[in-house]
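Visitor: Here it is, the structure in full.
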Amino acid sequence: MSDILDIRNLHARTAEREILKGLNLTLRKGEVHALMGPNGAGKSTLAYVLMGHPAYEVTEGEVIFKGQNILELDPEERAHLGLFLAFQYPVAVPGVTVANFLRAALNAKRRAQNPDDPGISVLEFRKLLTEKMRLLGLSPDFAGRYLNDGFSGGEKKKTEVLQMAVLDPEFAILDETDSGLDIDALRAVAHGINALRGPERGFLIITHYKRILDHIRPDYVHILVDGRIVASGGPELADQLEAEGYKRWVQDVEPLASAA
Amino acid sequence: MTTQDVALLRDLEEYRYGWKSPETYVYKAPKGLSEEVVRQISAFKGEPEWMLDFRLRAYRHFIQRPMPNWGPDLSDLNFDDIVYYVKPAERAGRSWDEVPEDIKRTFERLGIPEAEQKFLAGVGAQYESEMVYHRVKEELESKGVIFKSIEDGLRDHPDLFRQYFGKVVPIEDNKFAALNSAVWSGGSFVYVPPGVKVEQPLQAYFRLNVANIGQFERTLIIIDEGAEAHYVEGCTAPLYSTDSLHTGVIEIIVKRGARFRYTTIQNWSTNVYNLVTQRALVYGDATMEWVDANIGSKVTMKYPSCYLLEPGAHGEILSMAFAKDGQVIDNGGKVIHIAADTTSKIVSKSVSKGTGRASYRGLVRVQRGAKRARSNVVCDALLIDEHSRSDTYPYMEIEEPDVTIGHEASVSKVGEEQLFYLRSRGLSEEEATTMIVAGFIEPLVRELPMEYAVELNRLVQLEMEGSIG
Chain A
36 MSDILDIRNL
46 HARTAEREIL
56 KGLNLTLRKG
66 EVHALMGPNG
76 AGKSTLAYVL
86 MGHPAYEVTE
96 GEVIFKGQNI
106 LELDPEERAH
116 LGLFLAFQYP
126 VAVPGVTVAN
136 FLRAALNAKR
146 RAQNPDDPGI
156 SVLEFRKLLT
166 EKMRLLGLSP
176 DFAGRYLNDG
186 FSGGEKKKTE
196 VLQMAVLDPE
206 FAILDETDSG
216 LDIDALRAVA
226 HGINALRGPE
236 RGFLIITHYK
246 RILDHIRPDY
256 VHILVDGRIV
266 ASGGPELADQ
276 LEAEGYKRWV
286 QDVEPLASAA
Chain B
13 MTTQDVALLR
23 DLEEYRYGWK
33 SPETYVYKAP
43 KGLSEEVVRQ
53 ISAFKGEPEW
63 MLDFRLRAYR
73 HFIQRPMPNW
83 GPDLSDLNFD
93 DIVYYVKPAE
103 RAGRSWDEVP
113 EDIKRTFERL
123 GIPEAEQKFL
133 AGVGAQYESE
143 MVYHRVKEEL
153 ESKGVIFKSI
163 EDGLRDHPDL
173 FRQYFGKVVP
183 IEDNKFAALN
193 SAVWSGGSFV
203 YVPPGVKVEQ
213 PLQAYFRLNV
223 ANIGQFERTL
233 IIIDEGAEAH
243 YVEGCTAPLY
253 STDSLHTGVI
263 EIIVKRGARF
273 RYTTIQNWST
283 NVYNLVTQRA
293 LVYGDATMEW
303 VDANIGSKVT
313 MKYPSCYLLE
323 PGAHGEILSM
333 AFAKDGQVID
343 NGGKVIHIAA
353 DTTSKIVSKS
363 VSKGTGRASY
373 RGLVRVQRGA
383 KRARSNVVCD
393 ALLIDEHSRS
403 DTYPYMEIEE
413 PDVTIGHEAS
423 VSKVGEEQLF
433 YLRSRGLSEE
443 EATTMIVAGF
453 IEPLVRELPM
463 EYAVELNRLV
473 QLEMEGSIG
């Protein structure tokens, strides 16, 4: 069962309004799922709720991973279990270097799994970090820069993927990791993500555009409209969306939405 | 070593405080201050007549000078309940072997042996009110560098001493400078001859060890023309049952073309009033830097200052304050631009936690005629929770129109988005908050010698422990 992240009838809201209205989705390790949808459909909300952002209240449903409902866990406990969220808007932490931050995060995870873990040695960590930075085409001095502080859009997104590569999660949610990237940065980021694909990891790629899916071929595509998944299919669904737009799906659900 | 290594190292050693060694003293003055006590102190030290006169003048000024009424509340400070002089051993130890065992243990826990291994330069350590252990590297001596206790400085270099002592911070400067001038004991005397560059930091450790002992160290540092040096003073104090007073005076002269940095890490226990006057006179094309980290104390008032006396003089003050429950840390800096083409920079980082209050109070004064003076002031405050408070008092007195003055201030809170981001990577809320605080003070920490950076980061970590409910 630890190979499945199962989202069941998920309802979530902010103080103002309900955003997720009964979302069901099953992710398996080894699979890449793409989640597409128009603005305001609830894509980022889903990402935040899965990771435990305090601004959202879950009103119904559960998310089962490794035999437990992770919605009852703190964000750090979800991270320790093997969940990872690549943020759409990564937050700057001035004065904290990428290397220091990542080493602390890695050690926190290792200690959660084994309280006696002495943590990764400085040398070993440097080796690991250098290797992963090379994968993303980041220069060595990047490790000494302050986390997201003054980073370009491309650097921020690369840093998210770098963190994923170092923390080695079992399920990764990528929230619009392609937004704001030029073609070269997109390639580098996609290359990094593809390198992390494998039977031991599942992906949920949240995106507006098909563009990133040309680089990262998904196994499944889902369309999210107004807090529910309205269609699922193979990669061809993304092509159909590209050709027709969201209009058809949005119209389909409108009567339901107004009835609710 | 880079700053990142420093932070990586910070969990390597366990830091302890709150211990103290048994009291063994040769002489301890009665509580309270009188002309008689002042005379006794001077007599014990075998001082020349002019110093006794200086002390007595200072005592009289102290008595009639009112308490300052513009800063933190000092009304609980009782001058009659303080011991003004303690002599812990017969004389200053010349070698390690002569240092008494319990004092050695104190030093051991402070990490001095390691420091000695790493820094063969002189270790001047103050135990109670006197230097007991003081060694200067032979190499420094051969270059003509003087680094000794202030008492030895007065005895061995009377002319040099008298030329500068009390000239940077006069008796009348403020009530606490007057008090220090009356009862001073312990501290360092440093002289670096023209053109001599001292590579290793000169270090002194200060530690209070007995309840109700006022510590009144006095330091006089002269950096002659074209010379360079760095002086580091780190303080850790055990806990006390009653209030304690620390009133130091630091006088520094940086002559033409010289560079000097004075670094302090202050961690007084939370019952100590820490009221310090630190001032530097900076001459032509010379640079003076104060790096000042304040973590402990009940009340701290400390505004390191630079008087830029000749063209090309540059002064920098980089300060950090961390105030937790019940603490008031009022600090910042003061720069007086007296000559043309002088430049200065003040950077202040204040962290307030719980009911703690860390504030910036600073003055930039440009006198008429100090044309093309440039000054930049940046003060940032970080509030850890809803009750914390920080105030900013940035005074500017500009008498010269042809100047460039910048001032930026920011107040930030440890934000929900920052915390969530860090927690989503596996850090607990406490670890995340600590990391944000450590990052906030990093611009200061990176300026410290490595051991001190490690210690400061560790102290901040300790301060943050158990802070998340």
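Protein chains in written order, with our numbering: chain A, 36 to 295; chain B, 13 to 481. Just so you know, even glycine gets a beta-carbon here, dropped at the ideal spot from N, CA and C.
(1) Within 8 Å (strictly less), CB to CB, does P253(A) reach chain B?
(2) Excluding five sequence neighbours on each side, which residues of the same chain lie with their C-beta closer than 8 Å to the C-beta of T61(A)?
(3) Closer than 8 Å, CB to CB, is E454(B) near chain A or not?
(4) From which residue to which residue does the alpha helix (DSSP H) around L434(B) run?
(5) Let's see if you can read the secondary structure: which residues bound the alpha helix (DSSP H) around W62(B)?
(6) Report the residues of the segment 445-476 of chain B with a CB closer than 8 Å to any CB of chain A, ordered along the chain.
(7) Should the segment 62-72 of chain A be regarded as contacting the segment 233-253 of chain A, the criterion being three or more beta carbon pairs within less than 8 Å?
(8) Grab me the residues of R268(B)'s own chain with a C-beta within less than 8 Å of its C-beta, minus the 5 sequence neighbours each way, in chain order.
(9) Residues of chain B with CB under 8 Å from G130(A), in chain order?
(10) Are the beta-carbon atoms of A370(B) and S402(B) separated by less than 8 Å?
(11) Anyone know if the C-beta pair for V260(A) and V285(A) falls short of 8 Å?
(12) Please classify E441(B): does DSSP put it in a helix, a strand, or coil?
(13) Could you compute how far the alpha carbon of L164(A) sits from the alpha carbon of I208(A)?
(14) In chain order, what residues of the same chain lie with their CB nearer than 6 Å to the CB of Q473(B), ignoring the 5 residues before and after it?
(15) In chain A, what lies closer than 9 Å to F432(B) by C-beta?
(16) What does the alpha-carbon distance come out to for the pair A273(A) and I218(A)?
(17) Can we say the segment 161-168 of chain B touches the segment 39-53 of chain B, given the rule of at least three CB pairs closer than 8 Å?
(18) What does the Cβ neighbour count give for N5(A), buried or exposed, with the cut at 16 atoms within 10 Å?
(19) With a cut-off of 8 Å, do at least 3 Cβ pairs link the segment 200-215 of chain B to the segment 328-335 of chain B?
(20) Run through the DSSP bridge pairs and tell me what E240(B) is partnered with.
(21) Listing by chain order, which chain B residues have their CB less than 8 Å from the CB of L120(A)?
(22) Residues of chain B with CB under 9 Å from H115(A), in chain order?
(23) Which chain A residues sit within Cβ distance under 8 Å of E429(B)?
(24) Of all the CB atoms in chain A, is at least one closer than 8 Å to the CB of E443(B)?
(25) In the DSSP assignment, what residue or residues form a beta bridge with W302(B)?
(26) Starting from the beta carbon of K139(A), find every residue of chain B whose beta carbon is closer than 8 Å, and list them in chain order.
(27) I want to verify the contact list: residues of chain B whose CB lies under 9 Å from the CB of A143(A), in sequence order.
(28) Establish whether the CB of F100(A) and some CB of chain B are separated by less than 8 Å.
(29) In terms of residue numbering, what span does the beta strand (DSSP E) encompassing F290(B) cover?
(30) Under a Cβ-count criterion, where at least 16 other Cβ atoms within 10 Å of its own Cβ denotes burial, should P34(B) be classed as buried or exposed?
(31) Given this structure, state the Cα-to-Cα distance separating M199(A) from L141(A), to the nearest angstrom.
(32) So, using beta-carbon positions, are R291(B) and V204(B) closer together than 8 Å?
(33) At which residues does the beta strand (DSSP E) containing I158(B) begin and terminate?
(34) By Cβ distance, which residues of its chain are closer than 8 Å to V128(A), with the 5 residues on each side in sequence left out?
(35) Which same chain residues end up closer than 7 Å to K383(B) when comparing Cβ atoms and leaving out the 5 residues on each side of it in sequence?
(36) What residue range is occupied by the uninterrupted alpha helix (DSSP H) comprising D171(B)?
Guide: A quick look at the data gives this:
(1) no
(2) I39, L40, D41, I42
(3) yes
(4) 428-435
(5) 61-76
(6) M447, I448, A450, G451, F452, I453, E454, P455
(7) yes
(8) E237, G238, Y295, G296, D297, A298, E322
(9) A450, G451, F452, I453, E454, P455
(10) yes
(11) yes
(12) helix
(13) 21 Å
(14) T446
(15) Y83, M86, G87, H88, P89, A90, P110, V126
(16) 19 Å
(17) no
(18) Chain A is shown only over 36 to 295; residue 5(A) falls outside these bounds and no answer can be derived.
(19) no
(20) K209(B), R271(B)
(21) S436
(22) G438
(23) V126
(24) yes
(25) Y274(B), I329(B)
(26) Correcting the residue identity first, residue 139(A) is Ala in this sequence and not Lys. Simply L439, E443, M447.
(27) R437, G438, L439, S440, E443
(28) no
(29) Strictly speaking, residue 290(B) in this sequence is Gln, with Phe absent from that position. That run of the beta strand (DSSP E) goes 284-294.
(30) Confidence at P34(B) is low in this model, with a pLDDT of 49, below 50, so its placement is unreliable and no value can be given for it.
(31) 11 Å
(32) no
(33) 158-161
(34) F136, Y181, L182, N183, D184
(35) A352, E412, D414
(36) 170-176
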